[in-house]
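*Asks:* Structure incoming, see below.
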Amino acid sequence: MNRIDAPGTAEADWRAWPGLDALPELDVTRWRSAVIVAAHPDDEVLGAGGLIAVLAERGVRLRLVAVTDGESSHPDEPPARIAAVRVAETEKALTHLGACETIRLGMPDAGVDEIALTPRLRELAAGFDVCLAPWEHDAHRDHEAAGRAALACGAPEVLRFPIWAWHWARPADARVPWDRAVRVPLGTGLQARKRSAIGCFASQLGTILPPATVEHFTRDAEVLIR
Ligand SMILES: [Zn+2]
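Counting from 63, one number per residue, gives the positions in the sequence shown under our numbering.
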């Protein structure tokens, strides 16, 4: 069984671990523009929705690069219908977070090609101060391909957000580079907005994103890796 399908770490265990609160706080004041890379519709909200809202409030120019439309999440349904649903869900979710230009690449879900993606990201991240992307060791092939492509995109800073790692990793897990991790504290207002944004992903909530998994993304801070 792969790490995503195996039983995961309870959010209560993460919240009980002092290591998360001890991470240094991310300084966002130096950024005027940010590119956010999502392998699937919902990655950007789960992994960095609070940070997106913080940056939008600061007037930072935001560009979302949506790599796939997530058409493979329901193998028994027509892919085009699923893609349309998921794109609409993301658009609605972003309205809770702030103004963000969206560029959709339409690459195949479950088949993100790092070699094809890297030059597109180079072009789309040119002139931006920072790139935020899924973590390149998240144990999900599309997340890892997107993270590796982001690392090669040429942005002055590239921060990566874990998604599935909150499920398969454990507090103090040696597979996670905690010494390069930073936290973005989210006050109650930001937490509520992020929760509203996550609530827009109706097609994913339940079986694909069960409540125990969603709990990892409604805590009072986000964590990114430098
Ligand atoms: Zn994803």
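Just so you know, even glycine gets a beta-carbon here, dropped at the ideal spot from N, CA and C. Predicted, not measured: the structure shown is a model, and the values here were computed from it.
Of the residues 235, 131 and 263, which one's Cα is nearest the Cα of residue 79?
*Replies:* Walking along the sequence shown from the start, residue 79 turns up at place 17. Answer by Cα proximity: 235.
*Asks:* Considering only the alpha carbon of each residue, which of 111, 91 and 89 lies closest to residue 99?
*Replies:* On the sequence shown, residue 99 is found 37 positions in, with the first residue counted as 1. Taking only the C-alpha atoms, the option nearest residue 99 is 111.
*Asks:* What residues in its chain sit with their C-beta under 7 Å from that of residue 114, if we drop five residues either side in the sequence?
*Replies:* Indexing the sequence shown from 1 puts residue 114 at position 52. The answer, listed in chain order, is 98, 106, 124, 159, 160 and 162.
*Asks:* Counting along the chain, where does the alpha helix (DSSP H) carrying residue 149 start and finish?
*Replies:* Your numbering for residue 149 matches position 87 in the sequence shown. 141-157 is the span of the alpha helix (DSSP H), which, as asked, contains residue 149.
*Asks:* Measuring alpha carbon to alpha carbon, tell me which of 284, 288, 274 and 286 ends up nearest residue 75.
*Replies:* Here residue 75 refers to the residue found at position 13 of the sequence shown. Ranking the options by Cα distance to residue 75, first place goes to 274.
*Asks:* If I follow the unbroken beta strand (DSSP E) through residue 164, where does it start and stop?
*Replies:* As a working mapping, residue 164 is identified with position 102 in the sequence shown. Residues 163-169.
*Asks:* Would you say the beta carbon of residue 101 comes nearer than 7 Å to a heavy atom of ligand 1?
*Replies:* If you number the sequence shown from 1, residue 101 lands on position 39. Yes.
*Asks:* Use the C-beta contact count for residue 63: other C-beta atoms within 10 angstroms, 16 or more gives buried, fewer gives exposed.
*Replies:* Residue mapping note: residue 63 aligns to position 1 of the sequence shown, counting from 1. Under this definition residue 63 is an exposed residue.
*Asks:* Assign residue 291 to one of two classes, buried (16 or more other C-beta atoms within 10 Å of its C-beta) or exposed (fewer than that).
*Replies:* Lying before the first or after the last residue shown, residue 291 is absent from the chain, which here runs from 63 to 288.
*Asks:* Could you pull the start and end residues of the alpha helix (DSSP H) that residue 92 belongs to?
*Replies:* Here residue 92 corresponds to residue number 30 of the sequence shown, with the count starting at 1. Residue 92 -> no alpha helix (DSSP H), and no H or E assigned at all.
*Asks:* Which partner residues does residue 284 have in the DSSP bridge list?
*Replies:* Here the question's residue 284 lines up with position 222 in the sequence shown. Answer is 246.
*Asks:* Please report the distance separating the alpha-carbon of residue 193 from that of residue 129.
*Replies:* Within the sequence shown, the letter at position 131 stands for residue 193. Within the sequence shown, the letter at position 67 stands for residue 129. Using only the alpha carbons, I get a separation of about 14 Å.
*Asks:* Leaving aside the five residues before and after residue 109 along the sequence, list all residues of the same chain whose C-beta is less than 6 Å from its C-beta, in chain order.
*Replies:* One-based indexing of the sequence shown puts residue 109 at position 47. Excluding residues within five positions, the ones whose Cβ falls inside 6 Å are 223 and 225.
*Asks:* My assumption, with CB atoms under 8 Å, is that residue 246 sits in contact with residue 186. Please give the rounded CB distance.
*Replies:* Residue 246 sits at position 184 when you count from the first residue of the sequence shown. Residue 186 sits at position 124 when you count from the first residue of the sequence shown. In fact, because the Cβ distance is near 23 Å, the residues do not count as touching under 8 Å.
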